[in-house]
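Peer 1: Residues 8 to 178 in this note's numbering are what the sequence shown lists, from first letter to last.
Yeah, the Cβ is synthetic: ideal placement off N, Cα and C, and Gly gets one too.
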Amino acid sequence: MAVAVTDVLSDLLQHSLRIVLCGTAAGTTSAAERAYYAHRQNKFWTILHETKLTPERLQPQQYRDLLQHGIGLTDLVKAGVGMDRATLPKLTAADRSRLSGAITTFRPRFLAFTSKTAGQKFFDSKRDYGEQRELIGETRVWILPSTSGAANGSWRPEIWHQFANEVRAAG
Numbered sequence: 008m009a010v011a012v013t014d015v016l017s018d019l020l021q022h023s024l025r026i027v028l029c030g031t032a033a034g035t036t037s038a039a040e041r042a043y044y045a046h047r048q049n050k051f052w053t054i055l056h057e058t059k060l061t062p063e064r065l066q067p068q069q070y071r072d073l074l075q076h077g078i079g080l081t082d083l084v085k086a087g088v089g090m091d092r093a094t095l096p097k098l099t100a101a102d103r104s105r106l107s108g109a110i111t112t113f114r115p116r117f118l119a120f121t122s123k124t125a126g127q128k129f130f131d132s133k134r135d136y137g138e139q140r141e142l143i144g145e146t147r148v149w150i151l152p153s154t155s156g157a158a159n160g161s162w163r164p165e166i167w168h169q170f171a172n173e174v175r176a177a178g
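1) Per DSSP, what kind of secondary structure is A119 in: helix, strand or coil?
2) Which one of Q139, Q21, L83 has the shortest CA to CA distance from T99?
3) Around the Cβ of K123, are there at least 16 other Cβ atoms within 10 angstroms (buried) or fewer (exposed)?
4) Considering Cα atoms alone, identify which of R163, T146, L65 is closest to G108.
5) In angstroms, rounded to a whole number, what distance separates the CA positions of T94 and F113?
6) Considering only C-alpha positions, which residue in the set F117, P164, N159, A157 is nearest to A176?
7) For T146, list the residues DSSP reports as bridge partners.
8) Candidates G156, Q169, L28, D102: which alpha carbon is nearest H76's?
9) Per the contact definition of three or more C-beta pairs closer than 8 Å, is the stretch 38-48 in contact with the stretch 64-75?
10) Quick one: what does DSSP say T94 is sitting in, helix, strand or coil?
11) Going by DSSP in three states, E57 sits in which element: helix, strand or coil?
12) Could you spell out where the beta strand (DSSP E) holding L28 opens and where it closes?
13) Only counting the same chain, and skipping five residues up and downstream in sequence, which positions put a Cβ closer than 8 Å to that of D14?
14) Let me check understanding here. Comparing Cα to Cα, which of G144, L151, R163, T61 lies closest to G126?
15) I need the straight-line Cα distance from V10 to I166, nearest angstrom please.
16) Report back the beta-carbon spacing between G156 and Q48 to the nearest angstrom; my notes put them in contact at under 8 Å.
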């Protein structure tokens with residue numbers, strides 16, 4: 008008997024987005040709160056405001072308000088919960104295909120992975136931060152430093168600022 012696997016957090020996607028931000032999988036706090044980037048030590052909501060991608064600092068429970076700012080959210084692994092360094096369900100070709108299909112369908116100007124782990128898992132190769140050479144359709148792809156408190160050692164807000172500047176320059 009097959010067991011249906013449901014998404015931990017529903018995608019926040021629609022047409023005419025400037026940006027889709029993609030994590031690896033929902034963290035345990037986010038899964039419990041049913042809200043993206045919900046851990047109190049996560050810098051996600053602060054950096055969105057600091058880079059002026061949002062005009063005010065939103066709270067995790069307000070994540071749906073990101074659509075008003077042209078920002079969507081998703082995760083690579085929709086049925087898994089945990090931190091990047093934890094054992095997650097293995098990323099499958101179907102996970103990659105689902106994300107590529109969503110980006111092709113909704114056609115945001117940018118897809119940005121919110122951790123090096125997410126970007127490297129998607130591309131199945133070692134990658135550095137910044138804009139990647141590949142496009143998905145016409146969507147530009149970036150890898151950004153993780154906002155997780157567990158990744159403080161690799162936190163580089165200047166890359167988030169570079170990304171925000173590119174988003175603004177693209178109109």
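Peer 2: So, from the listed chains and residues:
1) strand
2) L83
3) buried
4) Considering only alpha carbons, the answer is T146.
5) In this prediction, T94 scores a pLDDT of 45, lower than 50, which makes its location untrustworthy; the coordinate-derived value is nonetheless stated afterwards. If you take the alpha carbons of T94 and F113, they lie about 30 Å apart.
6) F117
7) Partner(s): I143.
8) L28
9) yes
10) Residue placement at T94 is poorly supported in this model, since its pLDDT is 45, which falls under 50; the coordinates are not used for a value here.
11) helix
12) Where L28 is concerned, the enclosing beta strand (DSSP E) stretches over 26-30.
13) K85, A86
14) L151
15) The predicted model places V10 with a pLDDT of 43, which falls under 50 and marks its position as unreliable, so this point remains unresolved.
16) 3 Å
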